[in-house]
Amino acid sequence: MSNHPLLTQFLTALQAAVVQEPLSPAPMPDDSGIERLLAQLPSTMYAELGEYLSVRLRAEERGPFDVVLALPEGVRLAEQIADRLRLPLARVQGQPGHWKIDPVLLRNRPRALMVSRELTTGRAEMEASVLANKYACEVKTLACVLERSTAPGRHRVLLLGVQTVAAVCLAHVPASPETRAGWVIERRRGQERPER
Numbered sequence: 001m002s003n004h005p006l007l008t009q010f011l012t013a014l015q016a017a018v019v020q021e022p023l024s025p026a027p028m029p030d031d032s033g034i035e036r037l038l039a040q041l042p043s044t045m046y047a048e049l050g051e052y053l054s055v056r057l058r059a060e061e062r063g064p065f066d067v068v069l070a071l072p073e074g075v076r077l078a079e080q081i082a083d084r085l086r087l088p089l090a091r092v093q094g095q096p097g098h099w100k101i102d103p104v105l106l107r108n109r110p111r112a113l114m115v116s117r118e119l120t121t122g123r124a125e126m127e128a129s130v131l132a133n134k135y136a137c138e139v140k141t142l143a144c145v146l147e148r149s150t151a152p153g154r155h156r157v158l159l160l161g162v163q164t165v166a167a168v169c170l171a172h173v174p175a176s177p178e179t180r181a182g183w184v185i186e187r188r189r190g191q192e193r194p195e196r
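In UniProt numbering, the protein residues as written are 1 to 196.
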């Protein structure tokens, strides 16, 4: 990430949004601070996140993809990734339990990259993936700004065979005598790949 100064700035802002001391090693306890930061990301940050994730997708040999499928909160990031990968963009519209995708946008495009702003429960990602599959379009990979790796979302999408690529992974840590409970930024880079 050293080649991406805005991403470094994002990590600093993420931690500063939820704790008093920026870059403190203490866990981040405040979900609302994380949500506020994600909701206020500027266009320049989405451009850099799109570049960063596109480079990772290529480097990790994810794909090939025929279409980028954008969940509502992931549209700004999806536009950046679709532009960099030179792929058409299909928007998932609606809300959980009532999603819609224009089937014309998925016609003859059997492999999709889904983009979401944040992976937490995985419900929206699962439902949109199942819906795309009804139109003969399989979601192969999910890209997102932020993944909460200890939330059920990662495991739910893995059950569908969907790999995840996130710019930032947060893990929830329980309270201990030395620290309070909260979210910490994961340092690992690899993601699980489902068995086929």
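Built from N, CA and C at the ideal position, the CB exists for glycine as well.
Requested in this report: Work out the CA separation of residue 177 and residue 54 for me, nearest whole Å.
Outcome: Looking at the two C-alpha atoms, the distance is approximately 41 Å.
Query raised in the report: Measuring CB to CB, does residue 104 end up less than 7 Å from residue 89?
Result: No, they are not a contact pair.
Query - CA-to-CA distance, residue 184 to residue 159, given in whole angstroms - result: Using only the alpha carbons, I get a separation of about 25 Å.
Query raised in the report: How far does the alpha helix (DSSP H) with residue 104 in it reach, from first residue to last?
Result: Element bounds for residue 104: 103-106.
Report task. Return the chain-ordered list of same chain residues with a C-beta closer than 8 Å to the C-beta of residue 162, the five sequence neighbours on each side being excluded. Result -> Setting aside the 5 residues that flank it on each side, residue 162 is surrounded in the same chain by 114, 125, 129, 139, 140, 141, 142, 194, each with a C-beta closer than 8 Å to its C-beta; the list follows chain order.
Query raised in the report: For residue 167, does the count of other Cβ atoms within 10 angstroms reach 16, so buried, or fall short, so exposed?
Result: The residue is buried, with at least 16 neighbouring Cβ atoms inside 10 Å.
Report task. Identify the continuous alpha helix (DSSP H) that holds residue 172 and give its terminal residues. Result -> Where residue 172 is concerned, there is no enclosing alpha helix (DSSP H), although the beta strand (DSSP E) it sits in stretches over 163-173.
Query raised in the report: Is the region 35-52 touching the region 68-84 in the sense that three or more CB pairs, one from each, lie closer than 8 Å?
Result: By the Cβ rule, the region 68-84 counts as touching the region 35-52, because three or more pairs are nearer than 8 Å.
**Report entry** residue 182 (DSSP reduced to helix, strand or coil)
**Finding:** Per DSSP, reduced to three states, the secondary structure at residue 182 is strand.
Query raised in the report: Going by other Cβ atoms of all chains shown within 10 Å of its Cβ, with 16 needed for buried, is residue 182 buried or exposed?
Result: The residue in question, residue 182, is buried, as its Cβ has 16 or more Cβ neighbours within 10 Å.
Query raised in the report: Tell me the DSSP bridge mates of residue 147?
Result: 119, 169, per the DSSP bridge assignment.
Query raised in the report: What span of residues does the beta strand (DSSP E) with residue 49 cover, start to end?
Result: Counting along the chain, residue 49 falls outside any beta strand (DSSP E), though it belongs to the alpha helix (DSSP H) covering 43-59.
Report task. With distances taken Cα to Cα, identify the nearest neighbour of residue 169 among 137, 147, 95, 152. Result -> Of the residues 137, 147, 95, 152, the one whose Cα lies closest to the Cα of residue 169 is 147.
**Report entry** First through last residue of the beta strand (DSSP E) which encompasses residue 89
**Finding:** It spans 89-91 - the beta strand (DSSP E) in which residue 89 sits, taken as one unbroken run.
Query - DSSP-derived helix/strand/coil call for residue 111 - result: Taken through DSSP and simplified to helix, strand or coil, residue 111 comes out as strand.
Requested in this report: Would you please state the rounded distance, in angstroms, between the beta carbons of residue 153 and residue 119? I believe it to be under 8 Å.
Outcome: About 4 Å separates the beta carbon of residue 153 from that of residue 119, a gap short enough to meet the 8 Å contact definition.
Report task. Express the C-alpha separation of residue 145 and residue 151 in angstroms, rounding to a whole number. Result -> Going by the C-alpha atoms only, they are around 15 Å apart.
**Report entry** Neighbourhood of residue 136 by C-beta, 7 Å cutoff - its chain only, sequence neighbours within 5 removed
**Finding:** 110.
Query raised in the report: What does a CB cutoff of less than 7 Å around residue 121 pick up in its chain, not counting 5 residues either side in sequence?
Result: Excluding residues up to 5 positions away in sequence, 151, 152, 153 lie with their Cβ nearer than 7 Å to the Cβ of residue 121 in the same chain.
**Report entry** Boundaries of the beta strand (DSSP E) in which residue 136 is found, first to last residue
**Finding:** Element bounds for residue 136: n/a, residue is neither H nor E.
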